[in-house]
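Protein chains in written order, with the working numbering: chain A, 1 to 301; chain B, 302 to 636; chain C, 637 to 892; chain D, 893 to 1312.
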């Protein structure tokens, strides 16, 4: 425990800027994954344990697209769209078959999908480490901001996540389609009775939620190592985020993801040994005090 | 009727134990013994978890916490060299029960998916303690140097057949204990909680205490499973307490059946057989296993044992349509 | 006095759900609680059974104030309830569910060493089954019972606890006319056999006027009127309250 | 809960079905052992998950060695078959798989390709079974250094932490002296190997250059995908040099993410794990001048035999040789030589007697790698440090450390630990 270091960091603008940006880097990517998880749970009531595998798929799709085209934009779009498509297929042919069954059935099919994806990746890409490499556009020296440093790519990554998150929020809160989706979360029969194709809507929501994991994977690909099984650790972290933020709440996911980001960024300075403990601790405390999470509504399914 | 139920279960248990014990003398291949010990350890874990999942409706994602605590407590006690195997086992069961009491006291207050999450959180917490407390646990390397098996009461578990028979006996004792719980008034009260906790509360059932009770029992049983595995591999490893271990136990339950008493054991046998053979023939066993799980879940939509039982019953019903429901229920105690 | 409610008051945020309600229920009485939709009848049951905690007021049950006690404690003191939508145990048979309830009443839920069903409990459960007239269905899974039988079982579960006071929330809800009368006949029979204090919420005025000794009318959470069937029938406030909202009452009044 | 009929028959049927399945499986013994001409080598290893490359490169190397032997006609007319199996990185699975390979598949020699805890689990099994086993991936010193772990028929053919620490310490001290690097930090994965490795490196660096001062130690989690908070912390602390025991995919991510912050512009970097070719080639922008321990390199030792091994390996394997690859290949050479000397005996203790103290000349060690008799672990294998360059073979300027020096400090270390 070194609170002195923490205070001296906070009082130096260089350190504060660097660590705040670190918090955002960690937090926003986590938010991308967790928001998809949360969206799917909020609307469909399904906990998509395969979300980490989707993140991995997004990273690998981006990796191969980048190798083929050398265009980061193409890689990014392919990652998002490809995983969105995988999500729709998964929803239609697999997870929709266990709607209304108990959570264990859902867990089981998701586990099956994780196993299949990990092996498919190993078959297609091999067991070794893959790294997409930094696209030329971002090969700049880190930006200097009040004495602190922020790499150009991370500025883009934070910005892109913010824009996507904001777009998602606007789409849900401000559009007609968003209203329907919110209604779907609360009363699917009613939405169905209004003549709206709920089957299609479920698939679409699942696809969008999955695409968010794909986006996260594509954004992570230039800086993170790709290996089979890479989805596991992010799955666990995004679970902590959704539980703290509240299952089904996008804003809650953002707050919780940033909370984790800040805990890790400043924990590394002030209390490095307790960071993990703090994350579990926060989760446990939230569960005990308000099981539905900071911004979640009670769900009885 | 109740007396006879107990008697019949006892007879079945003795016969089953006799068969289990006879196996190494009939089929002398050591690999069959290994396989069975492995199935017994994991089967016991799944069975103990099913006291929560199938009997009480509590879906714990963190049951391996007690499995790993059993393995480590036992391993550490034996390595200390001060106690004999049976004493170490008793202390471990008691110690794990205490641990389950503390963790359970917090967890059982939460409902449904939130219960699942908090059990998962506690398990991850225990896993990370094992990883960090290197001086005691050996960290990620596990408990090294082997777990000594000093002879007791003339039994030498260094002999692999003796070890197998010992495991079979311990396993069967636990099965009998769980069977008794499953069929006791306590067990039926847990079914009330599983089906409708709110109503159970208005029937004077203290839900929190009942849940805590079964949580502690299930934890203690899981610790026995952990001890069997520790004895078998002569070590204890943090992976025993990783969430994938809990996950496997859940899959065993789902593969077999959560509502038949012996369903989880069937699931354990199926999963282990499947993994055993698939990994012999391909390194892509994850792919095969995943496809098999999907086929079972999407095709059967229930556990394999459930499916078989229903199929048998449909055939029976077709053959003898006159069977009345009453006689059916008289047999209820059978499983 | 078996149950005495004094100045009971409950607010949910801005909604004043129960307003200064005071009612006495003598031992062995059969009392109806009526009122238009949203009058706060179910809330009233929830308050006295410990599901909700009142903002103020007392509930004296068998000589002690039970406000602040948990629903579990109140149940163990002998106040039982059955629900508007039958609350049963879908995967247990009628016999099993009732036996388990009896075991709970006998405080033997923690018994590990004997086998279910224990003979003493079995006997009591069989008595209840006979009382309910569910002998044919004793071994049927609860979820396979008809709607009416599920409601009966719900009441039977409460009976297994040997209640001093039994709260019945619309025992005839969702039933056809004939079935209603059969049901309420059974309730009346149980009441007379078991000598309990019974409170029931009911919408069907014919039923209420036929069997209730005392009737309490709630409106907007407050007691509008109290009395016997005849008194209520003639009460101008009640007629006003129901006119326009519930023609059935006025029809019922008109018929007599 | 399905509750229609439940009878004793159901139990019997299900139990019976399970038992029949089980017996059908194990009841028919595989024909193995004496009658068969083929000698089977067991290879329990990790073939799935994040460290699958450990298993695949181990497997490729062992298969390469025995295929070469088979192509050359085997020994005494007997051919060899490698039976690998995935433990999924789980120690209990590793133990079970090893037992299976020996008891069920009839393997007569075990090459243990498990890392970390898995190798200890296999260690217990092979001690129990008394079968010949060579550990090929675990670098944890205590596996062989601790006399309590000693097994008559069990060897380790892998680099050992303490050897690397002495070599790394002396190399680092030399550079520190030359360049005046006094302020050091470490960034290693938070698990037993990472902590031990880092502590030992620092211990010997300080022995050789007492002016070294450690200003901070960071412990990111093993298999963490993101190291940003550790990297920015290093930027705050501004050490002159960083030592890291990160390895595998974690290291790839750490280097690429550090590049974004230009961390290596002003900071010297010493890595225990960077020397594996698949890691070096996975990193897209490999900074020049990073210091790394030797893991494997086709140009070091610069001998035709090593080149031949590398060329043969890349033909059959999906990736370039790793540290695990050469260790497994070397282990196979020990076994093959022992089999040759004993005319393909499969008696574990006979083979073990031959292997203890054996030196194999090729292809990795200059004067040959020796299996030390006293503690059954290898010495005289390549222990060196080099600097990175921007293209293949990625690492050059290897500086060898004298084995006499390593052994001297190892002896002292064993005393301190109470191992000798």
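All C-beta atoms in this analysis are idealised placements derived from N, C-alpha and C, irrespective of residue type, glycine included.
Candidates the options: closest to residue i by CA position
| i | options | result |
| --- | --- | --- |
| residue 1164 (chain D) | D:1180, D:1136, D:1173, D:1189 | D:1136 |
| residue 567 (chain B) | B:553, B:578, B:590 | B:553 |
| residue 28 (chain A) | A:184, A:231, A:259 | A:259 |
| residue 283 (chain A) | B:416, B:514, B:587, B:464 | B:416 |
| residue 6 (chain A) | D:1153, D:1180, D:1129 | D:1129 |
| residue 211 (chain A) | A:11, A:89, A:68, A:71 | A:89 |
| residue 1241 (chain D) | D:1044, D:973, D:997 | D:1044 |
| residue 1309 (chain D) | D:1012, D:1010, D:1033 | D:1033 |
| residue 419 (chain B) | B:538, B:408, B:433 | B:408 |
| residue 91 (chain A) | A:78, A:110, A:79 | A:110 |
| residue 557 (chain B) | B:572, B:588, B:577, B:548 | B:572 |
| residue 782 (chain C) | C:747, C:794, C:671, C:815 | C:815 |
Inter-residue CB distance, residue i and residue j (contact presumed, cutoff 8 Å)
| i | j | result |
| --- | --- | --- |
| residue 216 (chain A) | residue 33 (chain A) | 5 Å |
| residue 425 (chain B) | residue 397 (chain B) | With 8 Å as the limit, residue 425 (chain B) and residue 397 (chain B) do not qualify as a contact, their Cβ atoms being about 18 Å apart. |
| residue 230 (chain A) | residue 1175 (chain D) | That belief does not hold up - the Cβ atoms of residue 230 (chain A) and residue 1175 (chain D) are roughly 17 Å apart, past 8 Å. |
| residue 707 (chain C) | residue 687 (chain C) | 5 Å |
| residue 1060 (chain D) | residue 1100 (chain D) | Rounded, the Cβ-Cβ distance is 10 Å, inconsistent with contact. |
Cut-off 7 Å between Cβ atoms - residues of its own chain near residue i, not counting five sequence neighbours on either side
| i | result |
| --- | --- |
| residue 1258 (chain D) | 1193 |
| residue 944 (chain D) | 938 |
| residue 1292 (chain D) | 1276 |
| residue 650 (chain C) | none |
| residue 457 (chain B) | 463 |
Rounded C-alpha distance that separates residue i from residue j
| i | j | result |
| --- | --- | --- |
| residue 335 (chain B) | residue 372 (chain B) | 18 Å |
| residue 611 (chain B) | residue 563 (chain B) | 15 Å |
| residue 971 (chain D) | residue 1231 (chain D) | 11 Å |
| residue 1268 (chain D) | residue 150 (chain A) | 51 Å |
| residue 1238 (chain D) | residue 1000 (chain D) | 6 Å |
| residue 1005 (chain D) | residue 1183 (chain D) | 27 Å |
| residue 1324 (chain D) | residue 1058 (chain D) | No statement about residue 1324 (chain D) is possible, as the shown extent of chain D runs from 893 to 1312 and does not include it. |
| residue 518 (chain B) | residue 490 (chain B) | 15 Å |
| residue 1011 (chain D) | residue 1191 (chain D) | 30 Å |
| residue 807 (chain C) | residue 412 (chain B) | 29 Å |
| residue 745 (chain C) | residue 737 (chain C) | 9 Å |
| residue 278 (chain A) | residue 3 (chain A) | 15 Å |
| residue 824 (chain C) | residue 357 (chain B) | 36 Å |
| residue 262 (chain A) | residue 171 (chain A) | 27 Å |
| residue 1147 (chain D) | residue 1178 (chain D) | 8 Å |
| residue 921 (chain D) | residue 537 (chain B) | At residue 921 (chain D), the pLDDT of 42 sits below 50, so the modelled position is not reliable and the matter cannot be decided from this model. |
| residue 780 (chain C) | residue 788 (chain C) | 13 Å |
| residue 422 (chain B) | residue 1272 (chain D) | 47 Å |
Spatial neighbours of residue i in its chain, beta-carbon cut-off 8 Å, leaving aside the 5 residues before and after
| i | result |
| --- | --- |
| residue 662 (chain C) | 637, 638, 833 |
| residue 913 (chain D) | Model confidence at residue 913 (chain D) stands at a pLDDT of 47, short of 50, so the residue's coordinates are unreliable; what they give is reported in the following sentence. If we look at residue 913 (chain D) and ignore the five residues flanking it on each side, it has no Cβ neighbours. |
| residue 1125 (chain D) | 1108, 1110 |
Cβ-based neighbour list, residue i, same chain, cut-off 6 Å, excluding 5 preceding and 5 following
| i | result |
| --- | --- |
| residue 352 (chain B) | 515, 519 |
| residue 1235 (chain D) | 968 |
Residue i CB to nearest heavy atom of the ligand SAM below 8 Å
| i | result |
| --- | --- |
| residue 558 (chain B) | No copy of the ligand SAM occurs in the structure displayed, which carries no ligand at all. |
Contiguous beta strand (DSSP E) assignments of at least 3 residues, all confined to the segment 121 to 200 of chain A: 143 to 145, 148 to 150
Chain-ordered residues of the segment 30 to 64 of chain A with a beta carbon less than 8 Å from chain E: Looking at the structure shown, chain E is missing, and the protein chains on hand are A, B, C and D.
Residue ranges of each beta strand (DSSP E) within the segment 1115 to 1158 of chain D, 3 or longer: 1133 to 1136
Beta strand (DSSP E) segments (min. 3 residues) lying fully within the segment 839 to 887 of chain C: 850 to 855, 858 to 863
Runs of alpha helix (DSSP H) lying entirely within the segment 1199 to 1287 of chain D, each at least 4 residues, in chain order: 1215 to 1233, 1240 to 1247
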